[in-house]
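Participant:
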Amino acid sequence: MTFSDLGLSPKVLSAVSDAGYTKPTPIQAGAIPHALLGKDVLGIAQTGTGKTASFVLPMLTRLEKGRARARMPRTLILEPTRELAAQVEENFIKYGKNHKLNIALLIGGVSFDEQDKKLERGADVLIATPGRLLDHRERGKLLLNGVEILVIDEADRMLDMGFIPDIERICEMIPFTRQTLFFSATMPPEITKLTEKFLHAPVRVEVSKAASTATSITQRLVKSGNKPWDKRETLRNLIKAEDADLKNAIIFCNRKVEVSELFRSLLKHDFDAGALHGDMDQRARMQMLANFRDGKLRYLVASDVAARGLDIPDVSHVFNYDVPIHAEDYVHRIGRTGRAGRAGKSFTIATRSDTKYVDAIERLIGTKIEWHDGDLSTVTESEGEESPRRGRGAPRRAGRKDEDRKDRGERKKDRHAKRDETPEVPREEQPVAEVADIAERRARKDAIRSENERKSSGNRHEQRGDARPQRDRPGRHREDDDATVGFGDDVPAFMRIVAKV
Ligand code: AMP
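When we follow the working numbering, the leftmost residue of the sequence shown carries the number 65, and every step to the right adds one.
1. Would you kindly work out how many angstroms separate the C-alpha atoms of residue 206 and residue 407, rounded to a whole number?
2. Quick one: measure Cβ to Cβ for residue 179 and residue 170, integer angstroms, because I've assumed they're closer than 8 Å.
3. Express the C-alpha separation of residue 315 and residue 328 in angstroms, rounding to a whole number.
4. Tell me whether residue 281 sits in a helix, a strand or coil according to DSSP, three-state version.
5. Which residue comes first and which comes last in the alpha helix (DSSP H) that contains residue 365?
6. Output needed for residue 159: all residues of its chain with C-beta closer than 8 Å, excluding positions within five of it in sequence on either side, in chain order.
7. According to DSSP, is residue 243 helix, strand or coil?
8. Restricting to Cα atoms, I'd like to know which of 387, 167, 260 is closest to residue 136.
9. Kindly indicate which three-state DSSP category residue 313 falls into: helix, strand or coil?
10. Does residue 320 come out as helix, strand or coil in the three-state DSSP assignment?
11. Nearest-angstrom Cα distance between residue 254 and residue 142?
12. If you draw a straight line from the C-alpha of residue 422 to the C-alpha of residue 345, how long is it?
13. Alpha carbon to alpha carbon, how far is residue 65 from residue 89? Give it in angstroms, no decimals.
14. Out of curiosity, what's the CA-to-CA distance linking residue 110 and residue 246?
15. State whether the segment 196–203 contacts the segment 225–235, with contact taken as three or more CB pairs (one from each stretch) at a distance under 8 Å.
16. Let's see if you can read the secondary structure: which residues bound the alpha helix (DSSP H) around residue 412?
17. Straight-line CA distance for residue 182 to residue 399?
18. Can you have a look at residue 209 and say buried or exposed, based on whether 16 or more other CB atoms are within 10 angstroms of its CB?
19. Would you call residue 367 buried or exposed, if buried means 16 or more other Cβ atoms sit within 10 Å of its Cβ?
20. Along the beta strand (DSSP E) that carries residue 301, what are the first and last residues, could you check?
21. Along the chain, where does the beta strand (DSSP E) that runs through residue 207 open and close?
22. Which value, in whole angstroms, describes the spacing of the CA atoms of residue 436 and residue 87?
23. Can you tell me whether residue 159 sits near the ligand AMP, meaning its C-beta is under 7 Å from at least one heavy atom of the ligand?
24. Return the chain-ordered list of same chain residues with a C-beta closer than 8 Å to the C-beta of residue 489, the five sequence neighbours on each side being excluded.
25. Taking the alpha-carbon of residue 323 as reference, which of 343, 72, 186 has the nearest alpha-carbon?
26. Could you compute how far the alpha carbon of residue 68 sits from the alpha carbon of residue 419?
27. With 16 as the cutoff for other CB atoms within 10 Å, does residue 260 come out buried or exposed?
28. Locate the beta strand (DSSP E) running through residue 171, then write down its first and last residues.
29. I need the straight-line Cα distance from residue 379 to residue 134, nearest angstrom please.
30. Tell me the DSSP bridge mates of residue 270?
31. Residue 211 to residue 286, Cα distance in whole Å?
32. Take the Cβ of residue 335 as the centre, count every other Cβ of all protein chains shown within 10 Å, and call the residue buried at 16 or more, exposed below.
33. With respect to the beta strand (DSSP E) encompassing residue 381, which residues constitute its N-terminal and C-terminal limits?
34. Can you list, in chain order, the residues of its chain with a C-beta nearer than 8 Å to that of residue 338? Leave out the 5 residues immediately preceding and following it.
35. Nearest to residue 438 by alpha carbon, out of 305, 341, 284, 395?
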């Protein structure tokens with residue numbers, strides 16, 4: 065089957081051909097003909113299957129007739145996160161390059177003014193996160209009774225994020241005569257109920273089992289003691305052991321507080337890391353993501369919410385710093401690697417208290433995951449309960465002093481972090497400056513570092529025969545850079561001590 069068999073308009077076909085796509089993916093082949101006929105579609109597909117084009121292409125074709133009116137968008141696409149919304153906008157720009165369409169992106173973390181102007185001009189395509197959409201509506205800037213096509217994307221993620229009541233409200237504001245295209249990677253009962261309420265005789269297109277994992281991914285479990293400092297050490301050792309094969313990696317944590325803690329710890333240990341979580345402001349998140357995509361950052365620490373659905377091609381490694389509590393998140397996480405048949409590796413750090421979550425994952429994916437270096441039976445209780453570094457009677461290694469000090473600082477923070485046991489419920493419209501600040505400091509530090517490197521280290525690499533710039537190497541202290549990231553200017557004296565790792 066080719067794209068021209070699907071019934072798309074010549075303008076859309078030309079843009080698809082310019083994008084270099086020759087063959088529709090299964091979700092595209094299954095959904096597009098029905099979507100073009102105006103039918104409701106229930107697409108069960110994960111990201112990475114080409115599902116965005118499966119709604120963008122027929123929408124573009126259908127939008128060729130008619131015009132938008134002020135404050136009355138003709139189509140509405142709901143996305144759970146700002147990044148996904150921005151990615152859908154990119155798709156409309158790419159495939160809609162032969163159309164003159166007004167696209168409005170309504171997401172939190174940016175000012176209302178520009179968004180108001182776009183709505184006032186009349187939007188053919190409105191892409192929004194639920195919270196910001198409702199804000200605009202409540203401010204009287206938006207009427208939803210002109211919407212002809214409604215897309216609800218990543219519905220199961222909307223459920224995880226607590227957006228279902230908002231989605232129900234929005235569905236009720238849009239005329240009953242609309243077409244609804246509904247996408248979800250999985251179909252938990254709440255989502256099935258939603259489809260029964262808001263879809264009319266939908267055509268169901270299911271492209272692959274939601275719980276399947278790509279065969280090109282090597283999956284391993286890695287044993288660890290259960291204290292944060294144990295897990296961080298396990299992670300660092302793993303990363304170092306994988307260094308030769310590791311192009312870039314996403315490191316997943318279950319909670320945003322762990323994202324922040326781990327990110328700071330990795331920076332302290334000189335890993336080239338960035339962080340992404342649901343509370344960062346939009347600008348910082350986009351910048352962080354762009355840096356990772358462009359290879360300026362080698363490691364991205366992320367929560368599920370922030371990373372869901374992001375199209376980051378060619379990630380060589382996924383590390384699960386925490387075993388995901390929802391087994392389905394495991395499938396989504398490791399799906400960030402091994403894309404398009406490329407080889408990928410995933411390592412999941414597991415402690416004794418994670419056993420039930422590991423069992424649930426193995427039940428879901430229908431296979432046992434191999435242990436990397438022995439299973440948890442070799443982790444003694446004391447390792448699970450206590451830092452091996454503080455192990456009774458263990459000889460203190462020379463040069464570990466400041467490492468221990470660093471970790472004491474981290475432990476203190478962990479005690480605070482532990483109090484915040486709330487699972488991550490992202491508040492999209494509530495930017496938190498902390499990680500963004502760190503990102504900014506990091507950018508400043510990078511600028512200083514580049515300048516220093518330019519001045520002094522160019523031929524040092526040549527002399528040593530280093531293939532990669534030194535900043536890409538984990539675990540090395542940079543002598544030309546004594547600025548500390550993560551504490552700003554308020555750096556405790558012990559943090560200035562040169563660490564030998
Ligand atoms: P998505 O599932 O929408 O996130 O798409 C995943 C990736 O597949 C994106 O990078 C798309 O650009 C790409 N893609 C979409 N449709 C096709 C196609 N028919 N052939 C090859 N790649 C595609």
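Ideal placement from N, C-alpha and C gives every residue a C-beta, glycine not left out. In this text the structure is predicted, and so the values were computed from the model without any measurement.
Facilitator: In brief:
1. 46 Å
2. 5 Å
3. 13 Å
4. strand
5. Counting along the chain, residue 365 falls outside any alpha helix (DSSP H), though it belongs to the beta strand (DSSP E) covering 363–367.
6. 76, 79, 80, 83, 117, 120, 121, 124
7. strand
8. 167
9. strand
10. helix
11. 17 Å
12. 33 Å
13. 10 Å
14. 12 Å
15. yes
16. That residue, residue 412, is in no alpha helix (DSSP H); its beta strand (DSSP E) goes 408–414.
17. 35 Å
18. exposed
19. buried
20. Not the beta strand (DSSP E): residue 301 falls in the alpha helix (DSSP H), residues 292–306.
21. Unbroken run through residue 207: none, as it is neither H nor E.
22. 38 Å
23. no
24. Since pLDDT at residue 489 reaches only 34, below the 50 mark, its modelled position is unreliable, and no value is offered.
25. 343
26. 50 Å
27. exposed
28. Note, residue 171: premise wrong, no beta strand (DSSP E); not H, not E.
29. 42 Å
30. 108
31. 50 Å
32. buried
33. 381–384
34. 327, 352, 355, 356, 361, 363, 364, 365, 503, 506
35. 284
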